[in-house]
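Colleague:
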Amino acid sequence: MKFIPYGRQEIIQADIDAVVEVLKSEFLTQGPAIENFERAVSDYVGKRHAVACCNGTAALHLAALAAGVAPGDVCIVPAITFAATANCISYCGGEVAFADVDDTVTACYDSCRALLEKYQAEKRSVKVLLTVDMAGNCCDRAAFKRLKDEFGFVWISDSCHRIAPEKDCDGPDMTVYSFHPVKHITTGEGGMVVTDSDEMAENLRLNRTHGITKDHKRFVNNSEAHDKNGEINPWYYEMQTLGLNYRMTDFQAALGVSQLKRLDWSVLRRQQIVEIYKKHLGECKNIAFPRVSENGIHAYHLAIVLIDFEKIGKTRAAVMNSLRKNNIGTQVHYIPVPMLPYYAAKGDSNKLPNSMSYYKKALSLPCFPTMSDDDAMWVCENLKKCVGEL
Ligand SMILES: *Cc1c(COP(=O)(O)O)cnc(C)c1O
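Position 30 of the sequence shown, counting from 1, maps to 445 under our numbering, and the rest follow consecutively.
#1: Output the boundary residues of the alpha helix (DSSP H) element that contains ALA498.
#2: Are the region 520-531 and the region 472-487 in contact at 8 angstroms, needing three or more beta carbon pairs?
#3: Would you please state the rounded distance, in angstroms, between the beta carbons of MET607 and VAL456? I believe it to be under 8 angstroms.
#4: Would DSSP call TRP680 helix, strand or coil?
#5: Please name the residue or residues paired with PRO493 in a DSSP beta bridge.
#6: If you reduce the DSSP assignment to three classes, tell me which class TRP650 lands in.
#7: Distance check for ILE727 and VAL802, CA to CA, integer angstroms please.
#8: From CYS507 to ARG623, what does the alpha carbon distance come to, in whole angstroms?
#9: How many Å lie between ILE847 and SER612 at the Cα?
#10: Below 8 angstroms, can you find three or more Cβ-Cβ pairs linking the region 419-428 to the region 591-608?
#11: Measure the alpha-carbon distance for ILE750 versus ILE495 and round it to whole angstroms.
#12: Within this structure, are the beta carbons of ILE691 and PRO781 separated by less than 9 angstroms?
#13: Return yes when at least one heavy atom of ligand 1 lies under 8 angstroms from the C-beta of ASN470, else no.
#14: Under a Cβ-count criterion, where at least 16 other Cβ atoms within 10 Å of its own Cβ denotes burial, should LYS417 be classed as buried or exposed?
#15: Name the DSSP beta bridge partners of MET607, please?
#16: Indicate whether ASP432 and SER681 have their beta-carbon atoms separated by less than 9 angstroms.
#17: So, using beta-carbon positions, are VAL547 and PRO587 closer together than 9 angstroms?
#18: Less than 8 angstroms between the CB atoms is what I'm expecting for VAL516 and ASN769, so what's the real figure, rounded?
#19: Going by the DSSP bridge assignment, what does LEU721 pair with across the sheet?
#20: Using the DSSP secondary-structure output, state which residues sit across from ILE419 in a beta bridge.
#21: Considering only residues of the same chain and omitting the five flanking positions on each side of ASN701, which have a CB-CB separation below 7 angstroms?
#22: Out of THR519, ALA529, TYR534, ASP518, which has the shortest C-alpha to C-alpha gap to GLU510?
#23: Which two residues bound the contiguous alpha helix (DSSP H) that contains SER574?
#24: Compute the beta-carbon to beta-carbon distance between LEU477 and ILE578, rounded to the nearest angstrom, for a pair I have assumed lies under 8 angstroms.
#25: Roughly how many angstroms lie between the CA atoms of THR590 and ASN741, to the nearest whole one?
#26: Mind checking which residues open and close the alpha helix (DSSP H) that includes LYS563?
#27: Three-state secondary structure (DSSP) at HIS641?
#28: For the pair the region 436-454 and the region 657-673, tell me if three or more CB-CB distances fall below 8 angstroms.
#29: Excluding the five sequence neighbours on either side, which residues of its own chain have a C-beta within less than 7 angstroms of the C-beta of ALA498, listed in chain order?
#30: Helix, strand or coil for LEU438 per DSSP?
#31: Along the alpha helix (DSSP H) that carries LYS800, what are the first and last residues, could you check?
#32: Could you tell me the alpha carbon to alpha carbon distance between VAL734 and LYS694, rounded to whole angstroms?
#33: Hey, out of GLU804, LEU767, MET792, ASN451, whose CA is closest to ASP518's CA?
#34: What's the call for ASN618, buried or exposed, on a 16-neighbour Cβ count within 10 Å?
#35: According to the Cβ coordinates, are CYS553 and SER779 closer than 9 angstroms?
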């Protein structure tokens, strides 16, 4: 029997053809495929601008820069996420304050509010609040919009686990996607920021390409930009800020356009797999599922179960190892970020009870669109044996 990993990509012939076509074309980078991909995603999610870049971490960094995060700024990040969500703040010299999660494993409203009030009392404003659509579960958009209106931070959504249409008015300022192979759609490595703000989009594009602009409308040094007759000098460009090279290639973008056509199917298939898990594991005394939020579709990037390892009398490592012997790959998403040595050393003293109890129980089961129903049943059967319920 083949090994079933916790997640994997699907590449079909149409994807390969799309990539080969660009490889044979004139532009491997900075060509038209990038704009095609950006337009396809911005149409899909209903945002005015999309800026593609080289990975999701770079997209988060660009978003933090566009939000204006600078040394000394406080930014709120939920404790249960991938390290990159917090790192984008650290790259800019910002200070990360970790919020707890709720029973949907997304940012806890009360915990975020308490932090916002604490910093307000200290006369320090919070620059950015990052929410994460953990595992594909949609965080409470309306609640965080109210918080944003009250406290005036820039709201960035790390939606690396969930690419879905955003409603116009109550969405985040910027939403970030990753196209790593385990995510819903892949470009190998890749990321994107979507926004309705013209100003943020312009900043994202500038920082993506070295901080250099060739747009004559934006030039600041007019005597260098123009000749005596006021004509633009043809070689002229300006570096206006210390930007990065975070570009995506055109063949990656072509892969993205091709993959995007199967996004709806991919989400649907993941939902079907989780239905099988819920049907067959739902009855088990010591297995639970995180609450599904009512705020939007659950995209099930991950199929997380919560296992009471103490009650079953087995460690998580023992369960993972025994599943692995039966060709089933599992993973833990995630170790709470404030527990990672880099952040723990900064001595964050916030109490995060929900995050810690979630971490004790979490296990991600295989979930990807090319898995068969039989694969999912095999997972259920073996996990039931592990927890002593078969
Ligand atoms: C994958 C992921 C990232 C980083 O994306 P990369 O493309 O791997 O850099 C950031 N945040 C979350 C929640 C992710 O799952």
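Note that beta-carbon positions come from the ideal geometry of N, C-alpha and C, so glycine has one too.
Modeller: Reading off the structure:
#1: 498-506
#2: They do not touch, by the three-pair rule.
#3: 6 angstroms
#4: helix
#5: ALA514
#6: In the three-state DSSP reduction, TRP650 falls in the coil class, being neither helix nor strand.
#7: 6 angstroms
#8: 15 angstroms
#9: Limits of the chain in this structure are 416 at one end and 805 at the other, which puts residue 847 out of reach.
#10: yes
#11: 7 angstroms
#12: no
#13: yes
#14: exposed
#15: ALA467, TYR592
#16: no
#17: Not in contact: VAL547 and PRO587 (Cβ atoms no closer than 9 angstroms).
#18: 5 angstroms
#19: ALA703, ALA777
#20: ILE743
#21: ILE722, ASP723, LYS726, ILE727, VAL802
#22: TYR534
#23: Segment: none, SER574 is in no alpha helix (DSSP H) and carries neither H nor E.
#24: About 17 angstroms separates the two Cβ atoms, so there is no contact after all.
#25: 38 angstroms
#26: The continuous alpha helix (DSSP H) containing LYS563 extends over residues 556-566.
#27: In the three-state scheme derived from DSSP, where H, G and I count as helix and E and B as strand, HIS641 is classed as strand.
#28: yes
#29: So the qualifying residues of the chain are VAL752, LEU755.
#30: helix
#31: Note, LYS800: alpha helix (DSSP H), 788-801.
#32: VAL734 and LYS694 have their C-alpha atoms roughly 21 angstroms apart.
#33: LEU767
#34: buried
#35: no
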